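Residue numbers (the working numbering), protein chains in the order written: chain E, 1 to 306; chain D, 1001 to 1306.
Beta carbons: idealized from backbone N, C-alpha and C, even for Gly.
Just so it is clear, the structure is predicted and the values come from calculations on it, not from any experiment.
As C-alpha cells, the structure follows; a few thoughts come after it.
There are 2 protein chains.
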Amino acid sequence: MLRNQGSVSESARGKILEAAADLNYVPNRIAGTLASMSSKLIGIVVPSVGNTVVPEVLAGVNAVLEAAGFQPVIGVSNYDALREEALIESILSWRPSGILVAGLEHTDRARAMLKGCGVRVVELLDVDGEGIDIVVGSSQRMAGRKSAEHLLAHNYRHIGYVGHDIRVDIRAGKRLEGFRAVLHENGLNFVDQEFHPSMASSVEAGRVGLARLLKRQSGLDAIYFSNDDLALGGYFHCLEHDISVPRDLALFGYNGLEITRLTPQPLSTIRTPRIAMGKVGANLLLSGGPSTIVDVGFELVVGATT
Amino acid sequence: MLRNQGSVSESARGKILEAAADLNYVPNRIAGTLASMSSKLIGIVVPSVGNTVVPEVLAGVNAVLEAAGFQPVIGVSNYDALREEALIESILSWRPSGILVAGLEHTDRARAMLKGCGVRVVELLDVDGEGIDIVVGSSQRMAGRKSAEHLLAHNYRHIGYVGHDIRVDIRAGKRLEGFRAVLHENGLNFVDQEFHPSMASSVEAGRVGLARLLKRQSGLDAIYFSNDDLALGGYFHCLEHDISVPRDLALFGYNGLEITRLTPQPLSTIRTPRIAMGKVGANLLLSGGPSTIVDVGFELVVGATT
DNA sequence: AGGGAAAATGGTAGCGCTGTCATTTTGTCT
DNA sequence: AGACAAAATGACAGCGCTACCATTTTCCCT
C-alpha cells in the first residue's frame, strides 16, 4: 500500500507518509523482496576484520551501496575456505542482488554456488587467477616482484622473509612467490625465512618473527614482510634494540597502511587503492555490465626504511 | 518443503538433501522469514570501522550470532546521528530479530523507532546514560577519571589534551569530561588543549595535534589523548623529535589496542574488553532476558609512557 | 491378530508486500 | 457540453516458504 512509483497522487502520498512517520511504521522489505523477486541486499564475505585493509575496502563498497539503497549482509570467514563456503550458502539464501567475496580461491562447491546463483559476483583484492564473474584487485605476484626489484636495486642482497601462515593467507603467499622468483632470476635466494603461525596480532608476529630471525642469522641486510602489520612489528623491534634502519637493516612491507607513513621513519611498502577498489567493485556489481577484470594496480612507496 | 524440524523421515531427508546439494539449491530465507514472521537477521549499526575497536566488538558479536545461525546486517553511520537514524530505519525494514547499536545517544526518532519496533535492542560501548533496552559497555566518564587519577598519582601536574572532534565522538567527550572533573577536584586544569578536526587517520591527528600543542606550550609534562590512535601518533612524534618519554613527556591513551603494547615502549592506556563486550551483548540479545545494564569495566594498563 | 499411540505424509491458508489490470475520477480540448 | 486521454484508485493473484491440521502409515503392546 506504500509504494513510491506509479499511481499514487501526490496529495495522498504526503498524508500517508505523515501518518506512517507518526506511527513510526516501517515497511516490511522482506515481504517486498519476496513479492518483487529482487532484493536490496548485497552479500559480502571477507576473510577477517583484523587490520584496516578489509574495513577500508568495505568503506568503499559501502559508500556505493548505500547511495544506491542497498544494504550489506556480511560474513567473516577467518581465512577458512569451508567457513567461507558455508557463509556463501547462508548469504545466498537471503537472495541478495549481488555478492562480493575476497580473493579468487574458493572451494569447488563455493564456486559452483557463486556461478549458479544467478546474481553478479565480484571477487576483490587479487587478480592472479581465474575469476568467476567480475574481478577487481591488483596483482599480488607483481607486487612481490616489484618489492624484490626495489630491494635489489638498492643493493640489498642478504634478504630475509618474515611472514605469517601463507597457507592461510593465500595472497601473501603469491606475493612471496613473486618476490622469490625475482631473487631466483638474479641468482639469489632468501637467506632465511620465518613463518609465524599466529593469526592474532600481526604486529606481534612481525616483532617476534624478526627477533627470531635475527637470533638465527647475522649478516641480513633487508627483510621482506608479508604485510605492513608485520613490518610495523619488525620496525618496533629495531627501534627498541637500536638497530639502525635502514643502515643495519632495511624493512619492506605491503599494503600502504596509513600508519606506515606516520612512524618516525615512514616504512617502505606497496600501497593499494583499497577504497577505490571497493567502489569500483560495487559499481561494477550494480552496473550490470559484462564480466570484467579490473587491475587497479598499486604504488610502490619508498619510505625511509630502505 | 525443506525444513529441519518435525515430520520428515530420516530416509527421505537424506535423499532430499542430496538432491538439493546436486542442484545446488539454496532455500529462500526471504520467503521463510515472511512465513514464519521471525527472521535470522540481526541489525548492527556502528559509527565507523576506522580503527580496530569496532571490528573487535563485531568479532565478538559475530562469533555468537554465527553459532546461533544469525546473519548480521551492518550499517556504518560515520558518527552522524541522522545517518544513524536512517540506517536504523532501513535495517528495521528487514525485520531483524534484534539490533545492536553503538552508544546511547541517538536522535529522538531513532530512539522511538528502536523502542517501538518490537525487537530487542542492545546499545554497546558506553554505560553513561539512559539506555533503551540492554546496555553493555563500560563507563567512559570513569575511564577519564581513572586516567586523570593515574597521572596525578605519578605527579604530573602540567597536563595537555590532544583529541579529535568531541562533538562527533561523544564517548571521547565523556572521557574528557571525567578527566577534567578530577583535575578540577584537585584545583587543576588542562594547561592547553588541541582538538583536531580530522576524521581520517587518527594517528595523524595525534601526531599533528601534539606537534601543535608543543609549539604553543612549553612546560607540559603529560598529555592525555582521546584514544590510542592519537596517542600512537603523539608517541611517534616524540620518537622522531627525541622527546624522552616519559621523562620529558608522559603519554596516556584509551582503548588498549594490541599495538600499544608492541611499540618500543608500551603505551599507558585503558584497556576495554571489546570482544567480550560483543559476546555479552549478542548473548543477551538472543537470550530473551529482561532489560539490563552490564558494565564490563576496563583495566588501566600501566605502560612505559607514564 | 486387533487396537491404539506415534510417526510420517499430504494439503492448504496466509505472511505483507508488488505488479498488473480493471475501474473510476480528473483534466483538456474542440 | 461532450468526447477522449490521462491520471488516480481499487482489486487481487502470487512470491516461496512455514504453521497447522487432516489423513495415512508404521510401530508396539496385549
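So what's E:Q54 in DSSP terms, helix, strand or just coil? Rather than Gln, the amino acid found at residue 54 of chain E in this sequence is Val. In this structure, E:V54 counts as helix in the three-state DSSP scheme.
Own chain, CB closer than 7 Å to E:L300, minus 5 neighbours either side, in chain order: Residues K146, H150, I270 of the same chain have their beta carbon placed closer than 7 Å to that of E:L300, with the five preceding and five following residues left out of the count.
Assuming E:S90 is part of the alpha helix (DSSP H), what are its boundary residues? Residue range 81 to 92 is occupied by the alpha helix (DSSP H) that includes E:S90.
In angstroms with no decimal places, state the Cα-to-Cα distance between D:D1126 and D:D1295. D:D1126 and D:D1295 have their C-alpha atoms roughly 8 Å apart.
Would you say E:T260 and E:G288 are within 8 Å of each other, going by their C-beta atoms? No, they are not a contact pair.
Check whether the region 86 to 106 of chain E and the region 245 to 259 of chain E touch, using three or more Cβ-Cβ pairs below 8 Å as the test. Taking 8 Å as the limit for Cβ pairs, the verdict is that the region 245 to 259 of chain E does not touch the region 86 to 106 of chain E.
Going by beta carbon distance, what residues of the same chain come within less than 6 Å of D:P1273, once the five residues before and after it are set aside? A distance below 6 Å between beta-carbons, with the five flanking residues on each side excluded, links D:P1273 to the following residues of its chain, in chain order: V1296.
Determine, using beta carbons only, whether D:V1302 comes closer than 8 Å to chain E. Put simply, the CB of D:V1302 is far from chain E, with every gap to its CB atoms at 8 Å or more.
Beta-carbon of D:S1139 versus every beta-carbon of chain E: anything under 8 Å? With respect to chain E, the C-beta atom of D:S1139 has no partner C-beta closer than 8 Å.
Roughly how many angstroms separate the alpha carbons of E:M1 and D:V1046, rounded to a whole number? Because the pLDDT of E:M1 is 42, which lies under 50, any placement of that residue in the model is unreliable, and the question is left without a value.
Report the option in E:S244, E:S198, E:V57, E:V245 whose CA atom is closest to the CA atom of E:S226. Taking only the C-alpha atoms, the option nearest E:S226 is E:S198.
Let me confirm a value: D:R1207 is counted as buried when at least 16 other C-beta atoms fall within 10 Å, else exposed. Which label applies? By the neighbour-count rule (16 or more Cβ atoms within 10 Å), D:R1207 is buried.
With which residues is D:I1259 paired in a DSSP beta bridge? According to DSSP, which records beta bridges pairwise, D:I1259 is partnered with nothing at all.
Any C-beta of chain E under 8 Å from that of D:G1026: The residue you asked about is not Gly; residue 1026 of chain D is Val in the sequence shown. Judged by the 8 Å Cβ criterion, D:V1026 is in contact with chain E.
At a CB-CB cut-off below 8 Å, which residues of chain E make contact with D:A1031? In chain order: L34.
Pick helix, strand or coil for E:T292, following the three-state DSSP scheme. In the three-state DSSP reduction, E:T292 falls in the coil class, being neither helix nor strand.
Compute the Euclidean distance between the alpha carbons of D:H1237 and D:L1210, then round it to the nearest angstrom. Approximately 7 Å between the Cα atoms of the pair.
Based on the DSSP secondary-structure assignment, which residues constitute the bridge partners of D:L1124? The partner list for D:L1124 (beta bridge, DSSP) reads D:A1102, D:V1136.
For E:F225, three-class secondary structure by DSSP: Secondary structure of E:F225 (DSSP, three-state): strand.
Mapping the DSSP letters down to three states, classify D:E1194 as helix, strand or coil. If DSSP states are grouped into helix, strand and coil, D:E1194 belongs with the strands.
Nearest-angstrom Cα distance between E:R29 and D:A1143? When rounded, the distance between both Cα atoms is 41 Å.
Thinking C-alpha only, which one of E:K115, E:I91, E:V119 is nearest E:G131? Taking each of E:K115, E:I91, E:V119 in turn and checking the Cα distance to E:G131, the smallest one comes out for E:K115.
Do you know how far the Cα of D:R1216 is from the Cα of D:A1153? Taking the straight line joining both Cα atoms gives about 26 Å.
Which bits of chain D does E:F243 rub up against, with CB to CB less than 9 Å? The residue you asked about is not Phe; residue 243 of chain E is Ile in the sequence shown. Contact note: E:I243 does not reach chain D at a C-beta cutoff of 9 Å; the least C-beta distance is about 11 Å.
At the 8 Å Cβ level, is D:N1283 part of the contact set with chain E, yes or no? Not closer than 8 Å to any Cβ of chain E, the Cβ of D:N1283 fails to qualify, so no.
Continuous alpha helix (DSSP H) stretch holding E:V45: start and end: E:V45 -> not in any alpha helix (DSSP H); beta strand (DSSP E) instead, spanning 41 to 46.
Proximal residues, the region 78 to 91 of chain E versus chain D, C-beta separation under 8 Å: Within the region 78 to 91 of chain E, the qualifying residues are E89, S90, I91.
Counting only C-beta atoms, is D:A1112 closer than 8 Å to chain E at any point? So yes, D:A1112 belongs to the interface.
Alpha carbon to alpha carbon, how far is D:H1106 from E:V119? Cα-Cα distance, rounded: 36 Å.
Around the Cβ of E:V61, are there at least 16 other Cβ atoms within 10 angstroms (buried) or fewer (exposed)? Residue burial is scored here from C-beta neighbours: E:V61 has at least 16 other C-beta atoms within 10 angstroms and is therefore classed as buried.
Quick one: grab the DSSP three-state call for E:A304. In the three-state DSSP reduction, E:A304 falls in the coil class, being neither helix nor strand.
Can D:I1074 and E:I74 be called in contact, C-beta distance under 8 Å? For D:I1074 and E:I74, yes; Cβs fall inside 8 Å.
Could you tell me the distance, in whole angstroms, from the CA atom of E:L34 to the CA atom of D:R1167? Our two residues, E:L34 and D:R1167, have alpha carbons roughly 42 Å apart in a direct line.
Would D:L1210 count as contacting chain E if we go by Cβ distances under 8 Å? For D:L1210, not one C-beta of chain E is nearer than 8 Å to its own C-beta.
Helix or strand or just coil, what does DSSP make of D:V1245? D:V1245 falls in the coil class under three-state DSSP.
E:E185, buried or exposed, once every other Cβ within 10 Å from all chains shown has been counted against 16: Around the beta carbon of E:E185, fewer than 16 other beta carbons lie within 10 angstroms, which makes this residue exposed.
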